[in-house]
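Heads up, the thing below is written out as structure tokens.
2 protein chains.
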Amino acid sequence: MNSFVSKTKVYLEIVKQLRDMIAADGLKSGDKIPSERELSERLNAGRSSVREALRSLELLGLIETRRGEGTFLRDFRGNQLVQLLSTFILQDEKAKNDVFETKVYIEMDCLKLAIQRMNQEKLLKLKQYLMKTEEFHDDEFFYRIIQAANNHLFLRIWVILKEFYNSLDPIPNRYDVNIQDYKYLLDALANKDEAALLSAYKKLRNLSVL
Amino acid sequence: MNSFVSKTKVYLEIVKQLRDMIAADGLKSGDKIPSERELSERLNAGRSSVREALRSLELLGLIETRRGEGTFLRDFRGNQLVQLLSTFILQDEKAKNDVFETKVYIEMDCLKLAIQRMNQEKLLKLKQYLMKTEEFHDDEFFYRIIQAANNHLFLRIWVILKEFYNSLDPIPNRYDVNIQDYKYLLDALANKDEAALLSAYKKLRNLSVL
DNA sequence: ATTTACTAGTGGTCAGACCACAAGTTGTCT
DNA sequence: AGACAACTTGTGGTCTGACCACTAGTAAAT
Numbered sequence: 001m002n003s004f005v006s007k008t009k010v011y012l013e014i015v016k017q018l019r020d021m022i023a024a025d026g027l028k029s030g031d032k033i034p035s036e037r038e039l040s041e042r043l044n045a046g047r048s049s050v051r052e053a054l055r056s057l058e059l060l061g062l063i064e065t066r067r068g069e070g071t072f073l074r075d076f077r078g079n080q081l082v083q084l085l086s087t088f089i090l091q092d093e094k095a096k097n098d099v100f101e102t103k104v105y106i107e108m109d110c111l112k113l114a115i116q117r118m119n120q121e122k123l124l125k126l127k128q129y130l131m132k133t134e135e136f137h138d139d140e141f142f143y144r145i146i147q148a149a150n151n152h153l154f155l156r157i158w159v160i161l162k163e164f165y166n167s168l169d170p171i172p173n174r175y176d177v178n179i180q181d182y183k184y185l186l187d188a189l190a191n192k193d194e195a196a197l198l199s200a201y202k203k204l205r206n207l208s209v210l
Numbered sequence: 001m002n003s004f005v006s007k008t009k010v011y012l013e014i015v016k017q018l019r020d021m022i023a024a025d026g027l028k029s030g031d032k033i034p035s036e037r038e039l040s041e042r043l044n045a046g047r048s049s050v051r052e053a054l055r056s057l058e059l060l061g062l063i064e065t066r067r068g069e070g071t072f073l074r075d076f077r078g079n080q081l082v083q084l085l086s087t088f089i090l091q092d093e094k095a096k097n098d099v100f101e102t103k104v105y106i107e108m109d110c111l112k113l114a115i116q117r118m119n120q121e122k123l124l125k126l127k128q129y130l131m132k133t134e135e136f137h138d139d140e141f142f143y144r145i146i147q148a149a150n151n152h153l154f155l156r157i158w159v160i161l162k163e164f165y166n167s168l169d170p171i172p173n174r175y176d177v178n179i180q181d182y183k184y185l186l187d188a189l190a191n192k193d194e195a196a197l198l199s200a201y202k203k204l205r206n207l208s209v210l
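Line by line, the protein sequences give chains A and B. Counted from 1, the first sequence has number 210 at position 210 by UniProt numbering; the numbering is strictly sequential. Counted from 1, the second sequence has number 149 at position 149 by UniProt numbering; the numbering is strictly sequential.
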């Protein structure tokens, strides 16, 4: 409905209404939301406006549509979104270096957090993983550490950075894997020695000064 | 065009095309992109599909439309996006805490970077800004510092975090502004004293141990 | 030279028409 | 009764054409 005061665009209004509707009805991921035609009627809007709203939310990864079935709330993880944004945002060379730098700093942050939050069990598992040298991978190793840091936001950001970093060509500051370096890192983590931890990390990444 | 193999939805195809077009033509924020009708013709798609794509990008904050004028690339800030997302996600306390923690760690990272990269001139300007106590704001202060850190990615992430943080209710770990604390911070920055810098920062944020 | 009126172009919205697809319903044959 | 096929209904996906509201530039009138 656009006849009265509503200065905002219809599709934005619909986004709002949908949000309220979801909150009011306590809808959860997987739940179905009304069809486009029904929303169109209930909200006094054209179906095209409803679609503009739904497509926007879909691009954001908040809903999922299945032709012939309907539209459903989605388990939001943010992956898709950031991936999309990154393709728009990260273009120039400078940005590539920023990706590496940011990844490094966040890894160090998470190492510090892991000192406080990683328990013996996880540490042990990580050590065992390190021993299977055949299937070892730096990404997996740090994924576990950052999980242990117990900060979901950091984890999300890191995953994006990691994927982006790996997709770069050429990959800046490429480092070779040296298992011994990772062992030092784990030792420092076990001893809760922050200085040794960061030192081990920098060696592992071939970094002199930061 | 939908007649042949294209399995993906038209509006997603258009989003891609737009991205390529922007990259190919080297368009920057503020630049105008073709009208809906022209895109519709050039891409062999209906105008409604073009609109679905444009509205999606608009909700993401990547473009801006002005009725009667046209559609323009926008300097991405993520503002409205964050507001929208925060209502969809970020419900539990844990997530809110993560936002605060992540913001703090990134600010510390940028402080370290600023030690190396901030020149005297910027430092002076920041000092002058600090003196105008009436219009001082913590967000603005750190925005400048993180700019000085010269890592665009950190800046983008931080801006989003800042907005997330400010949109939270209640705001966790709220801190009161004490100008003197900021002065200490700037002194440490001028002296390139990392230990003193981080110490000053923690005091400023009312943090004991991290 | 200034102001006014007009015109073309743009986004905003709606309504209706198809199509493609999924799931249930009905009907028929065995 | 059971199995299979055909039909019906409801959904999203897309296109087209029609208005409206607004902007900016142009032409006309003063």
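Virtual Cβ for every residue (Gly too), placed ideally from N, Cα, C.
Can you round the beta-carbon distance between residue i and residue j to whole angstroms, since I take them to be within the 8 Å contact cut?
i	j	result
A/Asp193	A/Phe154	Not confirmed; about 21 Å, so no contact.
B/Asp181	B/Leu204	4 Å
B/Ser56	A/Ser56	4 Å
A/Thr102	A/Leu60	Not quite, the Cβ-Cβ distance comes to about 23 Å (not below 8 Å), so this is no contact.
B/Asp20	B/Phe72	So it is not a contact: roughly 18 Å between Cβ atoms.
residue 213 of chain B	B/Phe136	An answer regarding residue 213 of chain B cannot be provided, because it is not within the stretch 1 to 210 covered by chain B.
A/Ile106	A/Ile145	Not a contact, Cβ separation roughly 11 Å.
B/Lys122	B/Ala149	Incorrect: roughly 11 Å between the Cβ atoms, too far for contact.
A/Asp138	A/Val177	6 Å
Which residues in the same chain as residue i place their Cβ atom closer than 7 Å to its Cβ, once the five residues preceding and following it in sequence are excluded?
i	result
A/Arg47	Glu36, Arg37 and Ser40
A/Ile115	Leu189, Lys192, Glu194 and Leu197
A/Asp25	none
A/Tyr184	Ala200
B/Glu52	Tyr11
A/Lys28	Leu73
So that I know if they touch, is there some Cβ in chain B lying closer than 8 Å to that of residue i?
i	result
A/Glu101	yes
A/Phe154	yes
A/Ser199	no
A/Asp98	yes
A/Ser208	no
A/Asn151	yes
A/Ser48	yes
A/Pro25	According to the sequence shown, residue 25 of chain A is Asp rather than Pro. Taking Cβ atoms only, chain B never reaches closer than 8 Å to A/Asp25, which makes this a no.
A/Asp109	yes
A/Ile33	no
A/Arg37	no
A/Tyr165	no
A/Ile14	no
Could you pull out every residue in the same chain whose Cβ sits closer than 6 Å to the Cβ of residue i, ignoring the five residues on either side in sequence?
i	result
B/Leu168	Lys96
residue 213 of chain B	With chain B represented from 1 up to 210, any question about residue 213 of chain B goes unanswered, as that position is not in the structure.
B/Ile33	Thr71
With DSSP as the reference, please indicate the residues paired to residue i in a beta bridge.
i	result
A/Glu64	A/Phe72
B/Ile33	B/Thr71
For chain A, is any of its Cβ atoms less than 8 Å away from the one on residue i?
i	result
B/Ile115	no
residue 246 of chain B	What is shown of chain B runs 1 to 210, which leaves residue 246 of chain B out entirely.
B/Ile146	no
residue 211 of chain B	Nothing about residue 211 of chain B can be read from this structure; chain B reaches only from 1 to 210.
B/Leu59	yes
B/Asn191	no
B/Ser56	yes
B/Ile171	no
B/Arg205	no
B/Arg51	yes
For residue i, which residues in the same chain have their Cβ closer than 8 Å to its Cβ, ignoring the five residues on either side in sequence?
i	result
B/Leu90	Note on B/Leu90: pLDDT 49, under 50, position unreliable in the model; the coordinate value appears next. For B/Leu90, where only same-chain residues beyond five positions count, the Cβ hits under 8 Å are Lys96, Val99, Phe164 and Leu168.
B/Arg66	Phe72
A/Gln17	Leu43
A/Asn151	Cys110 and Leu113
B/Thr133	Ile179
query: Pairing CB atoms from the segment 181-198 of chain B with CB atoms from the segment 111-122 of chain B, are three or more of them under 8 Å?
result: Yes: at least three Cβ pairs fall under 8 Å.
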